[in-house]
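Visitor: Have a look at the structure that comes next, please.
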Amino acid sequence: MFDGRLHLSILDHTPVSSGSPLGDAFWHSTKLAQLAERTGYERYWVAEHHNMPWLASSTPAVLAAHLAAQTSTLRVGTGGLMLSNYSPLSTVEQMGLLEVLHPGRIDLGLGRSSGADQITTHALQPNHREFGQLFAELLAFFRGDFPDGHPYGSIIATPGRGDMPAIWLLGSGSYSAQLAGSLGLPFAHGGHFMGSNSVQAIETYHQAFRPSETLEEPYAIVSVGAICMETDELAQRYQNAAHISTVRAMSGQPGPLLSPEEIEATPDGPSAPAQDDYVSEVFSHHIVGSPTTVKAGLEDLATRTGANELMIATIMHGYEKRMRSYELIAEACLTGNPA
């Protein structure tokens with residue numbers, strides 16, 4: 153529950169800005185993780201999306217490994233790794249290796265969706281299996297406790313068995329909230345794209361929660377889209393550019409995020425009404441403005457949802473501006489927090 157002090161983390165989609173090579177997006181993520189460590193963010197998670205040229209976070213375990221190696225104390229993880237795209241054994245071995253290399257610093261946030269459109273989903277997972285079965289296998293590989301006679305019982309995940317990172321369940325609705333609660337696991341709600349459901353999702357999680365060896369009390373994160381600039385007007389300008397750029401990309405012109413100047417120079421572009429409505433609904437729950445405005449918005453969100461922690465997702469053009477947004481939020485909300 154919100155204790156009057158903001159606990160903030162970063163959710164990184166590795167947005168790609170126009171006018172820069174793709175590699176710049178990954179080096180920006182590296183510098184952003186190091187900023188997070190210096191300024192008091194709790195953790196740094198990497199999202200998973202596919203077939204979206206404006207978001208380069210398609211391989212979260214690989215990027216998380218790089219970021220963990222480039223930091224020393226920050227918790228690093230996946231937010232989330234879409235389990236349906238992988239075999240449980242390969243996930244256990246990969247994330248178990250990260251836990252061995254960086255003990256006590258790795259979070260394995262697991263999501264149910266594919267992070268992709270229908271055709272891309274088929275390319276990722278031609279032999280689809282249900283999340284519940286995949287999750288059960290993943291835990292059994294980590295713990296080495298398959299039932300007697302199970303065909304996988306003789307497999308020893310190396311690394312993996314006995315090297316389980318912190319497990320989080322992610323979701324935008326009730327399924328993962330209820331499952332996380334019933335298992336006594338921490339839960340993270342995807343409020344950055346389903347902000348209308350944040351309050352209900354956390355209520356569902358709290359109602360379903362049962363104490364476990366992992367948690368005695370529920371612990372929940374709510375993610376939220378946010379852009380913070382020196383003034384409300386400047387922040388809104390970058391938010392508008394991100395809105396239009398996202399609508400265009402989803403309406404048949406995929407590509408990197410465009411700058412406000414590029415958007416303003418070519419105001420007309422492809423736009424499907426359904427996509428515009430969807431993006432408008434998603435963005436309506438974002439927190440955008442000056443440091444004072446953003447801090448007030450984050451405190452209100454934490455109070456309304458009862459989340460223990462908020463995870464900031466900033467998808468905008470310009471690597472320096474995006475870094476500055478996270479820096480301003482840290483100055484406004486985290487300065488003075490004990491290390």
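Numbering (our numbering), first residue to last: 153 to 491. For every residue, glycine included, the Cβ atom is placed at its ideal position computed from N, Cα and C.
Which complete alpha helix (DSSP H) runs does the region 236-279 hold, if anything under 4 residues is left out?
Guide: Listed in chain order, the complete alpha helix (DSSP H) runs (minimum 4 residues) inside the region 236-279 are 240-253, 270-276.
Visitor: Span of the beta strand (DSSP E) holding V431?
Guide: Indexing the sequence shown from 1 puts residue 431 at position 279. Taken as a continuous stretch (DSSP letters only), V431 belongs to no beta strand (DSSP E), being part of the alpha helix (DSSP H) at 425-435.
Visitor: Can you list, in chain order, the stretches of the beta strand (DSSP E) that have 3 or more residues and sit fully within the region 349-405?
Guide: Fully enclosed beta strand (DSSP E) runs of 3 or longer: 372-380.
Visitor: Please tell me whether P412 and W206 are closer than 7 Å, where the distance is taken between their beta carbons.
Guide: Position 260 of the sequence shown, counted from the start, is the residue given in the question as residue 412. Position 54 of the sequence shown, counted from the start, is the residue given in the question as residue 206. No.
Visitor: With DSSP as the reference, identify every bridge partner of Y196, one or two as the case may be.
Guide: Here residue 196 refers to the residue found at position 44 of the sequence shown. The partner list for Y196 (beta bridge, DSSP) reads I162, V228.
Visitor: Have a look at Q427, G284, L249, Q391 and flag the residue whose alpha-carbon is nearest the alpha-carbon of L262.
Guide: Numbered from 1 along the sequence shown, position 110 holds the residue referred to as residue 262. Here the closest residue by C-alpha is G284.
Visitor: Kindly list the residues whose CB is nearer than 8 Å to the CB of L233, restricted to its own chain and excluding five residues on each side of it in sequence; keep chain order.
Guide: Taking the first residue of the sequence shown as 1, we reach residue 233 at position 81. Within the same chain, L233 has close Cβ partners E200, P212, A213, T243, M247, L260, G261, L262, G263.
Visitor: Excluding the five sequence neighbours on either side, which residues of its own chain have a C-beta within less than 7 Å of the C-beta of P490, listed in chain order?
Guide: Here residue 490 corresponds to residue number 338 of the sequence shown, with the count starting at 1. For P490, the predicted model reports a pLDDT of 45, less than 50, meaning its position is unreliable and no value from the coordinates is stated.
Visitor: Where does I464 fall in DSSP's three states?
Guide: Along the sequence shown, read from residue 1 onward, the residue named residue 464 stands at position 312. I464 falls in the strand class under three-state DSSP.
Visitor: Could you tell me the distance, in whole angstroms, from the CA atom of R190 to the CA atom of G156?
Guide: In the sequence shown, counting from the first residue as 1, residue 190 sits at position 38. In the sequence shown, counting from the first residue as 1, residue 156 sits at position 4. Going from the Cα of R190 to the Cα of G156 covers about 22 Å.
Visitor: If I'm right that E461 touches E289 with Cβ under 8 Å, what's the distance once you round it to whole angstroms?
Guide: Residue mapping note: residue 461 aligns to position 309 of the sequence shown, counting from 1. Residue mapping note: residue 289 aligns to position 137 of the sequence shown, counting from 1. Contact flag wrong, Cβ pair sits at about 29 Å.
Visitor: Which same chain residues end up closer than 6 Å to L480 when comparing Cβ atoms and leaving out the 5 residues on each side of it in sequence?
Guide: For the purposes of this step, residue 480 is taken as the residue at position 328 of the sequence shown. The residues are C380, P443.
Visitor: Of all the options S334, G267, M475, which has the alpha carbon lying nearest to the alpha carbon of T366?
Guide: To locate residue 366, count along the sequence shown from 1; it is residue 214. Answer by Cα proximity: S334.
Visitor: Distance, Cα to Cα, R362 vs W179?
Guide: The sequence position of residue 362 within the sequence shown is 210, counting from 1. The sequence position of residue 179 within the sequence shown is 27, counting from 1. Whole-angstrom Cα-Cα distance: 41 Å.
Visitor: Any beta carbon of chain D sitting closer than 7 Å to that of I307?
Guide: Absent here is chain D; the protein component of the structure consists of one chain.
Visitor: With C-beta atoms as the reference, is S375 less than 7 Å away from L163?
Guide: The residue given as residue 375 occupies position 223 in the sequence shown. The residue given as residue 163 occupies position 11 in the sequence shown. In this structure, L163 lies closer than 7 Å to S375 by Cβ.
Visitor: What's the C-alpha gap between R474 and N392?
Guide: Looking up residue 474 in the sequence shown gives position 322. Looking up residue 392 in the sequence shown gives position 240. Using only the alpha carbons, I get a separation of about 14 Å.
Visitor: Could you tell me which of G192, F287, A484, E433 sits nearest to R227, measuring between CA atoms?
Guide: Reading the sequence shown from its first residue, position 75 is the one you call residue 227. Among G192, F287, A484, E433, the Cα nearest to that of R227 is on G192.
Visitor: Give me whichever residues DSSP pairs with W320 in a beta bridge.
Guide: One-based indexing of the sequence shown puts residue 320 at position 168. DSSP, once it has assigned bridges, lists G261 as partnering W320.
Visitor: For A340, name the three-state secondary structure that DSSP assigns.
Guide: For the purposes of this step, residue 340 is identified with residue 188 of the sequence shown, where counting begins at 1. Three-state result, A340: strand.
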